[in-house]
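Below: the structure, in structure tokens.
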Amino acid sequence: MDFAASEASATTAPPALAIKILIAGGFGVGKTTLVGTISEIRPLHTEEFLSDRSIGIDDTSGVEGKVTTTVALDFGRITIREGLWLYLFGTPGQDRFWFMWDELAVGALGAVVLADTRRLQDCFPAVDYFEQRGIPFVVGVNCFDGARRYEVSKIRKALGIAPEIPIILCDVRQRESVKEVLTTLVTYAVKGVPVDPHPVG
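Laid out in structure tokens, this is it:
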């Protein structure tokens, strides 16, 4: 009887686990695109068209073609294996929606801070937010078409972040590129060590 009980417990499936990841960054940096690229379900988007009321509030310099904005969150899901999922929560990028960040951050394993080298200063608030709260994060530099390319070491210096925090050059339109960013984050958050596929600084 004891043997039978042991055998049954050995084949018991592991408990289900959902890992919460935040996707943060400035206005128009590609958060909604990242979630949509990787999510296995139809992503939940809370986008609204920019209106005249946003003039003078939302800075569209560098992203003049952007006509919508996230007003609450983006949500997507990825199945890692049976009983293990990544839940992705894209945060709104504008200052006036930051009151939502504390709620979204509850229970998060870590965060991806997306950066645009044309407007690098836009990701400073997100970097500060996660540093102050001790939430592990990586920086994903979204390589927009036509944007100037910089070495990772120069980006790190401009952001003023610790050398162990991974910085990954990515294209959030490409599924494999997004997978690389998320894999780097989860490994870093769990093990506390950087896993930089491009160790150039």
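Just so we're aligned, residue 4 is where the sequence shown starts under this note's numbering, counting upward by one.
Beta carbons: idealized from backbone N, C-alpha and C, even for Gly.
Exposure label - residue i; buried when at least 16 CB within 10 Å
i	result
G39	buried
T73	Caution is warranted here: a pLDDT of 47 is assigned to T73, below 50, making its placement in the model unreliable, and the coordinate value is therefore given only provisionally. That one is buried.
D129	It should be noted that the sequence gives Ala, not Asp, for residue 129. Its Cβ being crowded by 16 or more others within 10 Å, A129 is buried.
S156	exposed
D82	The sequence shown places Thr at residue 82, not Asp. Exposed.
P18	exposed
F92	buried
G207	Residue 207 lies beyond the range of the chain shown here (4 to 204); nothing can be said about it.
F102	exposed
L20	exposed
A27	buried
One or two residues paired with residue i in a DSSP bridge
i	result
C146	In the DSSP output, where bridge partners are listed per residue, C146 has none listed.
F140	A114
K23	Y90
T82	W88
L172	V144
Boundaries (first-last residue) of the beta strand (DSSP E) holding residue i
i	result
V130	That residue, V130, is in no beta strand (DSSP E); its alpha helix (DSSP H) goes F127 to R136.
L87	L87 to G93
L123	That residue, L123, is in no beta strand (DSSP E); it is neither H nor E in DSSP.
Beta-carbon gap between residue i and residue j smaller than 8 Å
i	j	result
M108	L185	The residue asked about is misnamed: residue 108 is Ala in this sequence, not Met. No; because the gap between Cβ atoms is not below 8 Å, this pair is not in contact.
K34	L112	no
I44	R84	no
G29	C126	yes
I171	E183	yes
N-terminal and C-terminal residue of the alpha helix (DSSP H) that residue i is part of
i	result
G195	Note, G195: premise wrong, no alpha helix (DSSP H); not H, not E.
L37	K34 to I41
I158	V155 to L162
E106	W104 to A108
Contact with chain B by residue i, beta-carbon distance below 8 Å
i	result
Y90	No chain B is present in this structure, which holds just one protein chain.
Any contact of the region 114-122 with the region 139-158, i.e. 3+ C-beta pairs under 8 Å?
-> yes
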